[in-house]
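Undergrad: Sharing a structure here in structure tokens format.
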Amino acid sequence: MEKIILCIKGVPKPGTVKVDPSTHTLKRDSLELILNPPDRQAVEMAVRLKENYGFKITVVTMGPPNVIPFLKEVYGIGADEMVLLSDRAFAGADTLATSYVLAEAIKKLSPYSLVVMGLKSIDGETSQVPAETAALLGLPSITNVKTIVKEGNNWILIRQTEYGEEELELEPPVVASVLPEVFDYLRPPSLKRLLEVKEKDPLVFTAQDLRLSPEKLGLNGSPTQVVEVFEKKFEAKGQVVEGEPSFLVEKLISVLEQKGIIHP
Amino acid sequence: MIEKKNLEELEKGSLLAFGEIFNGKIHPSAIEVLTPLKELGLKLDKKVVLICLMDNFKSFQDLEVLKKSVADEVWMVCHQELVHFKDDLYAEVLIEIVKTTSPYGLFFPATSLGCALAPRIAGKLNLGLCAHVNYLEVEDGKIVMVRPTYGENIIAKLILKTTPVMATLSIGAFSPSFGEKEPKFFEVAMPEGFNWASKIKVRKFKPSVKQPNRLSTAKVVVAGGRGLKSKENFEKLFELAHMLKAEVGATRPVCYEGWVEEDRMIGVSGVTVRPKVYIGFGISGALQHTVGMENSEFIVAVNTDKEAPLVKMAHLALIGDASQVLDLLIKKLKK
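Shown next as structure tokens:
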């Protein structure tokens with residue numbers, strides 16, 4: 656059976672990221688993780704392809720063991736196999752060091768005919784990992800994908816850019832990143848599958864399992880270096896007006912008149 | 148006619164920028180990103196080069212725009228296979244140029260094509276790549292890049308250990324500028340054995356039916372956030388925008404909620420605006436949004452929360468329910 660590799664990521668829940676003012680580093684203890692929302696679109700895409708063509712889905716994520724619940728959630732939605740890429744040496748990886756681990760893991764999971772990922776993660780928002788991983792695998796990458804169908808042996812993908820929609824044809828395998836907002840309905844995990852996965856553990860690949868070069872891993876293997884992080888603080892600088900809505904609107908209208916936006 | 152040059156004859160160690168061309172027209176972001184690169188170029192004593200890939204020079208319509216740009220040189224690669232954007236082929240052309248001319252920097256506007264192309268090159272050449280940079284500076288002879296991160300009110304300063312320094316630059320974050328001296332134009336002759344094949348076959352193209360919005364150049368922006376509470380309320384912004392000759396902007400959460408399309412998103416992964424007047428309805432002001440509007444001339448915030456960052460940065464803050472104020476404002480303006 657042909658295989659789809661589905662990559663997902665656990666990201667900090669918005670609002671839980673804080674900077675430690677003394678060390679200028681991120682406070683890890685306040686972090687709460689969620690499944691990266693754009694990845695849900697990739698999950699839905701993979702599960703629809705499975706329904707239509709009978710693929711097997713292998714869901715892959717990189718991170719410490721606290722991301723296992725997301726693998727199980729995706730299993731509940733329809734994945735068939737779970738793989739966790741976990742090693743202390745992976746910590747602090749930028750997109751290149753992350754893509755290196757993903758690409759090596761994907762090679763080990765060969766053969767496959769499609770790799771799907773979300774367009775971007777909501778923490779780094781780089782949208783680099785799909786294309787970077789594809790480049791390392793020597794495969795074509797198509798970003799901003801809204802539709803994927805098979806025609807004979809080939810993939811037909813529709814990519815949306817600001818200019819319009821392109822219909823592309825490629826031989827497998829291909830790496831695709833799925834546009835957010837493609838699917839209005841994202842199916843929830845099924846209870847049956849969630850019960851089934853309770854007893855299952857993901858396959859774990861460490862750096863050694865993948866025979867990775869230590870100098871390409873984690874913080875040290877990352878060419879992108881953070882010199883400083885700081886929190887932006889705002890000081891009140893303008894006029895603050897309180898009162899009934901009608902009073903506020905009067906104030907706003909007079910400002911719009913002053914600025915020449917509307918004319919009395 | 149423009150002079151032809153082989154790869155080996157091109158200036159080495161420069162700052163290169165990708166000039167995105169579609170249908171014979173240059174994307175405005177190409178002119179924007181030249182502004183900070185020119186400043187870096189002067190500080191670091193490097194030439195600034197715009198690279199344009201196209202199918203044929205005759206179909207290029209924006210030569211006059213490029214003549215007025217601040218680039219020192221424009222390198223054009225013309226080949227019939229470049230008629231459509233193909234990620235793998237476009238990346239290979241740029242990789243070949245990078246390998247031969249060893250640039251000091253390689254920059255892309257963060258358009259969807261720029262974001263598709265840059266990581267392919269970084270991956271293939273094992274280079275670091277910064278995303279959504281909105282400020283660049285030189286410290287100790289090194290390029291330091293600044294970007295908001297973690298989708299919160301957190302800013303990161305980054306450097307790269309690899310050369311060329313690579314980054315995608317936020318759209319609208321830099322103003323276009325114009326040079327006094329016309330850049331030198333060269334057509335780049337790719338090496339004899341260069342492989343123009345792509346694994347991507349473009350079968351069909353359907354151009355966008357809707358006109359791109361004019362958000363980034365609007366004089367007045369009315370933006371809405373989650374404080375408007377519903378899609379229905381949000382949509383009233385379009386009525387207001389019509390009355391004020393304004394454009395409608397949005398925060399990331401409401402775009403993800405599906406209240407409005409993502410091309411209206413202001414901020415890190417969206418558009419940067421600098422209108423005369425910006426009015427934010429029910430927007431608390433996460434950095435993700437505010438980096439995209441903080442240079443507005445006059446900022447109005449309408450929010451119930453006095454402590455919200457946007458309320459603090461506003462020139463005029465109206466403390467109240469955003470949807471009530473919006474309703475009433477529309478009603479009064481109708482009179």
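First to last, the protein sequences are chains A and B.
Counting from 656, one number per residue, gives the positions in the first sequence under the numbering used here.
Counting from 148, one number per residue, gives the positions in the second sequence under the numbering used here.
Every residue gets a Cβ at the ideal spot worked out from N, C-alpha and C, and that includes glycine.
Here the structure is a predicted model, which means the values were calculated and not measured.
Between F885 (chain A) and chain C, is the shortest Cβ-Cβ distance under 8 Å, so that the two count as touching?
TA: The displayed structure is made up of protein chains A and B, and chain C is not among them.
Undergrad: In angstroms, rounded to a whole number, what distance separates the CA positions of E228 (chain B) and L849 (chain A)?
TA: Each residue's Cα considered, the two are about 49 Å apart.
Undergrad: Note down the Cα distance separating G819 (chain A) from I198 (chain B), rounded to an integer number of angstroms.
TA: G819 (chain A) and I198 (chain B): Cα-Cα distance of roughly 23 Å.
Undergrad: Mind listing the chain A neighbours of H462 (chain B)? Cutoff is C-beta to C-beta under 9 Å, in chain order.
TA: Those within 9 Å of H462 (chain B) in chain A are K892, G893, Q894 and V910.
Undergrad: Please confirm if L907 (chain A) has its CB atom under 8 Å from at least one CB of chain B.
TA: Yes, contact with chain B.
Undergrad: Within 8 Å (strictly less), CB to CB, does Y708 (chain A) reach chain B?
TA: Judged by the 8 Å Cβ criterion, Y708 (chain A) is not in contact with chain B.
Undergrad: If you check the beta carbons only, do A744 (chain A) and L872 (chain A) fall under 8 Å apart?
TA: Yes; because the gap between Cβ atoms is below 8 Å, this pair is in contact.
Undergrad: Mapping the DSSP letters down to three states, classify V212 (chain B) as helix, strand or coil.
TA: Reduced to three states, the DSSP call for V212 (chain B) is helix.
Undergrad: Under the assumption that G252 (chain B) contacts I290 (chain B) (Cβ atoms under 8 Å), give the Cβ distance between them as a whole number of angstroms.
TA: Rounded, the Cβ-Cβ distance is 6 Å, consistent with contact.
Undergrad: Could you say which of B:K366, B:K376 and B:H231 lies nearest to P354 (chain B) if we only look at CA atoms?
TA: When each option's Cα is compared against that of P354 (chain B), the closest is B:H231.
Undergrad: Between P919 (chain A) and I426 (chain B), what straight-line distance do the alpha-carbon atoms span, to the nearest angstrom?
TA: Each residue's Cα considered, the two are about 19 Å apart.
Undergrad: Name, please, each residue of chain A whose Cβ falls closer than 9 Å to the Cβ of G261 (chain B).
TA: Per Cβ cutoff of 9 Å: no residues; G261 (chain B) is ~10 Å from chain A at best.
Undergrad: Could you tell me the alpha carbon to alpha carbon distance between E379 (chain B) and W406 (chain B), rounded to whole angstroms?
TA: Straight-line Cα distance between these residues: approximately 8 Å.
Undergrad: Is the stretch 412–420 of chain B close to the stretch 435–450 of chain B, with three or more CB pairs under 8 Å?
TA: The stretch 412–420 of chain B, when compared against the stretch 435–450 of chain B, does touch it at the 8 Å Cβ threshold.
Undergrad: Near T781 (chain A), which residues of its chain fall below 8 Å by C-beta distance, leaving aside the five closest residues on each side in sequence?
TA: So the qualifying residues of the chain are T750 and K775.
Undergrad: Do you know how far the Cα of M390 (chain B) is from the Cα of T753 (chain A)?
TA: C-alpha separation (whole angstroms): 49 Å.
Undergrad: So the alpha helix (DSSP H) I761 (chain A) belongs to, where does it begin and stop?
TA: From DSSP, the alpha helix (DSSP H) with I761 (chain A) extends over T750 to K763.
Undergrad: Closer than 8 Å, CB to CB, is L475 (chain B) near chain A or not?
TA: By this cut-off, L475 (chain B) is an interface position.
Undergrad: Roughly how many angstroms separate the alpha carbons of M717 (chain A) and T398 (chain B), rounded to a whole number?
TA: Computed Cα separation, rounded: 29 Å.
Undergrad: Count Cβ pairs between the stretch 450–461 of chain B and the stretch 472–480 of chain B that sit closer than 8 Å; are there 3 or more?
TA: Verdict: no, contact absent.
Undergrad: Could you check whether the Cβ of F325 (chain B) sits closer than 8 Å to any Cβ belonging to chain A?
TA: False, the Cβ-Cβ gap to chain A never drops below 8 Å.
Undergrad: Shortest alpha-carbon distance to I660 (chain A) belongs to which of A:K906, A:K887, A:L846 and A:V770?
TA: Per the Cα distances, A:V770.
Undergrad: Going along the stretch 354–370 of chain B in order, which residues come within less than 7 Å of chain A, judged by CB to CB distance?
TA: Those residues of the stretch 354–370 of chain B that come within reach of chain A (Cβ to Cβ, closer than 7 Å) are P354, S355, P359 and V367.
Undergrad: Considering F445 (chain B), what are the terminal residues of the beta strand (DSSP E) in which it resides?
TA: Per DSSP, F445 (chain B) belongs to the beta strand (DSSP E) from F445 to N450.
Undergrad: Using three-state DSSP, classify H436 (chain B) as helix, strand or coil.
TA: Helix at H436 (chain B).
Undergrad: Do L739 (chain A) and I723 (chain A) count as a contact pair if the criterion is CB distance below 8 Å?
TA: In contact: I723 (chain A) and L739 (chain A) (Cβ atoms closer than 8 Å).
Undergrad: Along the stretch 867–885 of chain A, where does the CB come closer than 9 Å to a CB of chain B? Name the residues.
TA: Here the close residues are K871, S877, P878, T879, Q880, V881, V882, E883, V884 and F885.
Undergrad: Can the beta-carbon of A218 (chain B) be found less than 8 Å from the beta-carbon of P330 (chain B)?
TA: Contact flag set, yes.
Undergrad: Can you tell which of B:F325, B:V224, B:V369 and B:K392 has its C-alpha closest to the C-alpha of E211 (chain B)?
TA: Nearest C-alpha to E211 (chain B): B:F325.
Undergrad: By the three-class DSSP mapping on this structure, what secondary structure does P183 (chain B) have?
TA: DSSP places P183 (chain B) in helix when its eight states are reduced to three.
Undergrad: Name the chain A residues whose beta carbon is nearer than 9 Å to that of L304 (chain B)?
TA: Checking the displayed sequence, the identity of residue 304 (chain B) turns out to be Lys instead of Leu. In chain order: V881, V882, E883, V884 and F885.
Undergrad: Return the bridge partner residues of N153 (chain B) from the DSSP annotation.
TA: Looking at the DSSP assignment, N153 (chain B) forms a beta bridge with B:A336.
Undergrad: In angstroms, rounded to a whole number, what distance separates the CA positions of I477 (chain B) and C402 (chain B)?
TA: The straight-line gap from Cα to Cα measures roughly 23 Å.
Undergrad: Starting from the C-beta of D209 (chain B), find all residues in its chain whose C-beta is less than 7 Å away, skip the five residues before and the five after it, and write them out in chain order.
TA: Closer than 7 Å at Cβ, skipping near neighbours: K172 and I173.
Undergrad: Whole-angstrom Cβ separation of L136 (chain B) and F254 (chain B), contact assumed at under 8 Å?
TA: Examination of residue 136 (chain B) is not possible in this model, given that chain B is present from 148 through 482 alone.
Undergrad: Could you tell me if Y708 (chain A) is buried or exposed, where buried requires 16 or more neighbouring beta carbons within 10 angstroms of its beta carbon?
TA: Classification for Y708 (chain A): exposed.
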